[in-house]
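In the numbering used here, each number is its position in the sequence shown, counted from 1, plus 28.
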Amino acid sequence: MDKIFRGIMKYRCTDRVRMVEQFAEVRNNPVPKAVFFTCMDSRMIPTRFTETNVGDMFVVRNPGNVIPHSQHFLDEYTTNEPAALELGCVINDIRHIIVCGHSDCKAMNLLYKLRDDDYSSKDNRRISPLRSWLCTHAFSSLEKYQQLEISGYHNPLIFQSETPLRKFIAYIDPDDKFALEDKLSQVNCLQQLANIASYGFLKKRLETHQLHIHALWFDIYTGDIYYFSRQNKRFIEINETTVDMLSEEVKKYYS
Ligand SMILES: [Zn+2]
29 MDKIFRGIMK YRCTDRVRMV EQFAEVRNNP VPKAVFFTCM DSRMIPTRFT ETNVGDMFVV
89 RNPGNVIPHS QHFLDEYTTN EPAALELGCV INDIRHIIVC GHSDCKAMNL LYKLRDDDYS
149 SKDNRRISPL RSWLCTHAFS SLEKYQQLEI SGYHNPLIFQ SETPLRKFIA YIDPDDKFAL
209 EDKLSQVNCL QQLANIASYG FLKKRLETHQ LHIHALWFDI YTGDIYYFSR QNKRFIEINE
269 TTVDMLSEEV KKYYS
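Right under this line is the structure:
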């Protein structure tokens, strides 16, 4: 805690005054750009690697950047993710949702191990909320990953959802650069796009192109960030060579 207290003291002397001014600006003119779902991993600092500031993004974090499918939404038994979607996209009318996964994700490493029946047994899930969370909400990612595995990691995956326009095809790590768990992390990231599109309260916005869902993937080892290009059907590194092309794609597909 001492590090946190010292940090707060430093913030009081440096950023506090400017931040309060920014809070007032945002209150008078709120224009948040995105709802950003990412993993709770301490290495993921989305406001830093996107250079965003006060008022720019609503951030939702959990183990493995998972958004439960709407089939799990049963009246009073809900998780926070769909509530966050409603707060961001309906009440605040935010038009972009971003799901950001990453390499060396502890939650994805665990999900990979949950392929083992004993590891994911009911008894083991009872004593581990994390295993239970992943078994309930991320098994669809694991199933998709297993389709990829069966094809020798060559065939594309097809992601569908209740909103047919949101169907897309993805080649996962075609250059075979990443570990198996990282390939699973990329599949999981894309599976969340389908899960988000399963919510009825977003359907009209999605079908009328008022709302768009994107995937980013952060490579912890190099600091590179990838954008899932529907046009190229794969994650493309965002860099000096690709950024204009990706911007064009976003304008073309999402305007
Ligand atoms: Zn993670």
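Every residue, glycine too, gets a C-beta built ideally from N, C-alpha and C. None of these values were measured; they are calculated from a predicted model.
Should Phe77 go down as buried or exposed, given a rule of 16 or more other Cβ atoms within 10 Å for buried? One-based indexing of the sequence shown puts residue 77 at position 49. Burial call: exposed.
Within the same chain, show all residues whose beta-carbon is closer than 8 angstroms to that of Leu176, passing over the 5 residues directly before and after it, in chain order. Residue 176 sits at position 148 when you count from the first residue of the sequence shown. Answer for Leu176: Asn183, Leu185, Ile200, Lys211 and Val215, listed in chain order.
Give me, in chain order, the residues of the same chain whose beta-carbon lies closer than 7 angstroms to that of Met47; leave out the 5 immediate sequence neighbours on both sides. As a first step, residue 47 is located in the sequence shown; it is residue number 19 there, counting from the start. Closer than 7 angstroms at Cβ, skipping near neighbours: Val82.
Mind checking who Leu244 pairs with in its DSSP beta bridge? Within the sequence shown, the letter at position 216 stands for residue 244. Paired residue(s): Cys128 and Tyr255.
Below 7 angstroms CB to CB, which residues in the same chain sit around Arg123 once its five sequence neighbours on both sides are set aside? Start at 1 with the first residue of the sequence shown, and residue 123 comes out as number 95. Taken in chain order, the residues that qualify are Gln238, Leu239 and His240.
Nearest-angstrom Cα distance between Thr270 and Asp204? Taking the first residue of the sequence shown as 1, we reach residue 270 at position 242. Taking the first residue of the sequence shown as 1, we reach residue 204 at position 176. In a straight line, the C-alpha of Thr270 is about 20 angstroms away from that of Asp204.
Are at least three pairs of beta-carbons, each pair with one atom in the segment 256 to 264 and one in the segment 145 to 158, less than 8 angstroms apart? Counting C-beta pairs closer than 8 angstroms gives fewer than three between the segment 256 to 264 and the segment 145 to 158, which falls short of the contact rule.
I'd like the list of long-range same chain contacts for Thr66, defined as Cβ closer than 6 angstroms, with 5 residues on each side in sequence excluded. Reading the sequence shown from its first residue, position 38 is the one you call residue 66. The residues are Met72, Pro74, Arg89, Asn93 and Cys128.
Return yes when the Cβ of Ile266 is within less than 8 angstroms of the Cβ of His130, no when it is not. As a first step, residue 130 is located in the sequence shown; it is residue number 102 there, counting from the start. As a first step, residue 266 is located in the sequence shown; it is residue number 238 there, counting from the start. Contact flag unset, no.
Reduced DSSP secondary structure (H/G/I, E/B, other) of Tyr105: Your numbering for residue 105 matches position 77 in the sequence shown. Tyr105: strand per DSSP, three-state reduction.
Where does Phe51 fall in DSSP's three states? Numbered from 1 along the sequence shown, position 23 holds the residue referred to as residue 51. Three-state DSSP puts Phe51 in a helix.
Taking the alpha-carbon positions, what's the Tyr105 to Pro96 distance? One-based indexing of the sequence shown puts residue 105 at position 77. One-based indexing of the sequence shown puts residue 96 at position 68. Computed Cα separation, rounded: 12 angstroms.
Since Lys172 and Gln219 should fall inside the 8 angstroms C-beta cutoff, what is the C-beta to C-beta distance between them, to a whole number of angstroms? For the purposes of this step, residue 172 is identified with residue 144 of the sequence shown, where counting begins at 1. For the purposes of this step, residue 219 is identified with residue 191 of the sequence shown, where counting begins at 1. Yes, they are in contact, since the Cβ atoms of Lys172 and Gln219 sit about 6 angstroms apart, within 8 angstroms.
According to DSSP, is Ala198 helix, strand or coil? Position 170 of the sequence shown, counted from the start, is the residue given in the question as residue 198. Reduced to three states, the DSSP call for Ala198 is strand.
Where does Glu265 sit, in a helix, a strand or coil, going by DSSP? In the sequence shown, residue 265 corresponds to position 237, counting from 1. Glu265: strand per DSSP, three-state reduction.
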